[in-house]
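Asks:
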Amino acid sequence: MGGDTTWQASYSDPLRVLPDGALAEGKTKAVPQVEEIKNECCSVKFLMMHRPTHDAAREKSGEYPFSWHLADRRRLWELRLQIQFSRPPDKKLFFGIELDRFVPVSGMTKQAQKALVSTCQRIVGDCYHTLGDDLAIVQGELEAPAFVMPLWAFDQFHVAELGNEPPLTGNLNGLGLSRAEDGVSKYINAMKAVIANFSTDKVYTFCFWGISQFLDIFKWEVVGGIMPGLKMDFNKLCGSPPVYFTIYELPGVDEQAKDQRHLASRKRQYFRAAVWSMLKPPANGAPMPTEPSRKAVDLGGFVADSQKIMYTLPQPGVGATGLDDLLGLCSDAPVLPAKADVQVDNADLLGLF
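Numbered according to the working numbering, the sequence shown spans residues 71 to 423.
(1) Less than 8 Å between the CB atoms is what I'm expecting for S269 and P158, so what's the real figure, rounded?
(2) Given a threshold of 16 other Cβ atoms within 10 Å of its Cβ, counted over all protein chains shown, does W222 qualify as buried or as exposed?
(3) If you draw a straight line from the alpha carbon of G91 to that of S113, how long is it in whole angstroms?
(4) Under 8 Å between the Cβ atoms of V293 and D286?
(5) Considering only the beta carbon of each residue, do F315 and L88 sit closer than 8 Å?
(6) Go through its chain and collect everything with a Cβ distance to E291's Cβ below 7 Å, but skip five positions before and after it.
(7) Give the DSSP-derived three-state secondary structure of A100 in the structure shown.
(8) Starting from E129 and walking both ways along the alpha helix (DSSP H), at which residues does that stretch end?
(9) Just tell me which of Y318, V313, E105 and E325 has its CA closest to the CA of S347.
(10) Buried or exposed: L232, going by 16 or more other Cβ atoms within 10 Å of its Cβ?
(11) Run through the DSSP bridge pairs and tell me what Y318 is partnered with.
(12) What number of angstroms, rounded off, separates the C-alpha of E235 from the C-alpha of P102?
(13) Out of I107, K162, P357 and T76, which has the shortest C-alpha to C-alpha gap to A263?
(14) Using the C-alpha atoms, what's the distance from R338 back to D329?
(15) Measure the alpha-carbon distance for N243 versus R249 and round it to whole angstroms.
(16) With a 10 Å radius around its C-beta and 16 neighbouring C-beta atoms as the bar for buried, classify Q152 as buried or exposed.
(17) Looking only at its own chain, which residues have a Cβ that is under 7 Å from the Cβ of I258, when we skip the five neighbours before and after it?
(18) If contacts are defined as beta-carbon pairs under 8 Å, then V218 and F165 qualify, I think. What distance do you get, rounded to the angstrom?
(19) In terms of alpha-carbon separation, which member of A334, C111 and S310 lies closest to N354?
(20) Any idea what DSSP makes of W147, helix, strand or coil?
(21) Here's a check: name, in chain order, each residue in its chain whose Cβ is nearer than 7 Å to the Cβ of P215, leaving out the five neighbours to either side.
(22) Work out the CA separation of H120 and R143 for me, nearest whole Å.
(23) Can you round the beta-carbon distance between A288 and H124 to whole angstroms, since I take them to be within the 8 Å contact cut?
(24) Determine the direct distance from the alpha carbon of E319 to that of I265, and round the result to whole angstroms.
(25) So the candidates are L93, D83, T76 and E213; which of them puts its Cα closest to the Cα of P357?
(26) Do you know whose CA, among L245, A260 and N267, lies nearest C277's CA?
(27) Which residues does DSSP pair with I107 in a beta bridge?
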């Protein structure tokens, strides 16, 4: 950009982010600012960056936030989180995407989901995927649709002593470990060692971009290598916005119990943020600010009444080939010109990720 910052006065984009506990929705600013929320479990600083895919001229000019980092890469966006725990987690943390309502799936769409989820499972390992509970079938508390993974689904992490953490707006290249650069086995083993020794006097930085080359949040479309030559309205997958990035644990769930559903009442939330684009805004308006979810609540009578619940536990996906870059394990090199996209009419929910 040659140091010219006059573009900043007119910059705007459609990205909106609203974490639990925030007072108002966040918007991308020409001069980036890190947001912070706190709950009883931790404090979380967060930053979302996105290439201006909705504005080809601006993207070509490089006149947008973090162009020095995003330009000429495959990733369309990147989520950065910095966590300081108030208390170490009791159990493993899950990270991923969830919805707030059930979305029906069937036919070829369901098979495609299973194939994509299976690919994620082969790459990351211990993943949990659920289509959610249908109100017409299940009695009692309903499980929301979700695809969540262990923390090594993040593409990069760094551990620092309190006060020495890197700025989220800065260049993090080469800091900590990266799955793509350091190798999957080394990366996962290092992350497991960090998880086993979570501390309240350290700050943990996590970066996530692996699926971004397949999901254009600004335009609210599924794009790229998942379906070469095709693009799809993301509302066909999620029903309607927003979708939620989430980090949580399940302190009240016995790993040997038959009912392993990730119910809201069983979760202890560390971070949860609604994400949407104003190019495809929520049908009922933007989500309202909420209090942070701080503790898992007492399941009480729901557990005692669990024999009345009808549900199907998530089943393993079918095999898939040619999708091994789903979590960004390959090069983040510039994207080559693509063939014209074909719009897809039908598909559904989070099996995509």
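We treat Cβ as the ideally placed atom computed from N, Cα and C, and that holds for glycine. Keep in mind it's a predicted model, so treat the numbers as computed, not measured.
Replies: Looking at the coordinates:
(1) Rounded, the Cβ-Cβ distance is 7 Å, consistent with contact.
(2) Flag for W222 reads buried.
(3) Going from the Cα of G91 to the Cα of S113 covers about 11 Å.
(4) D286 is positioned such that its CB atom lies closer than 8 Å to that of V293.
(5) No, they are not a contact pair.
(6) Contacts found: K301, M302, D303 and F304.
(7) In the three-state DSSP reduction, A100 falls in the coil class, being neither helix nor strand.
(8) Where E129 is concerned, the enclosing alpha helix (DSSP H) stretches over A126 to S131.
(9) Just measuring C-alpha positions, the residue of Y318, V313, E105 and E325 sitting nearest S347 is V313.
(10) The residue is exposed, with fewer than 16 neighbouring Cβ atoms inside 10 Å.
(11) Its beta-bridge partners are F164 and Q339.
(12) Rounded to the nearest angstrom, the two C-alpha atoms are 18 Å apart.
(13) Comparing Cα-Cα distances from A263 to each of I107, K162, P357 and T76, the minimum goes to K162.
(14) Those two C-alpha atoms are separated by around 17 Å.
(15) Taking the straight line joining both Cα atoms gives about 12 Å.
(16) The residue in question, Q152, is buried, as its Cβ has 16 or more Cβ neighbours within 10 Å.
(17) Result list for I258: W222, in chain order.
(18) That belief holds up - the Cβ atoms of V218 and F165 are roughly 6 Å apart, short of 8 Å.
(19) Selection A334, C111 and S310 evaluated against N354 yields S310 as nearest (Cα-Cα).
(20) DSSP places W147 in strand when its eight states are reduced to three.
(21) Within the same chain, P215 has close Cβ partners E168, L169, F172, V173, T200, L201, G202, L419 and L420.
(22) Straight-line Cα distance between these residues: approximately 11 Å.
(23) For the sequence presented, residue 288 should be read as Phe rather than Ala. Yes, they are in contact, since the Cβ atoms of F288 and H124 sit about 5 Å apart, within 8 Å.
(24) Cα-Cα distance, rounded: 13 Å.
(25) Ranking L93, D83, T76 and E213 by Cα distance to P357 puts L93 first.
(26) Among L245, A260 and N267, the Cα nearest to that of C277 belongs to L245.
(27) Answer is V114.
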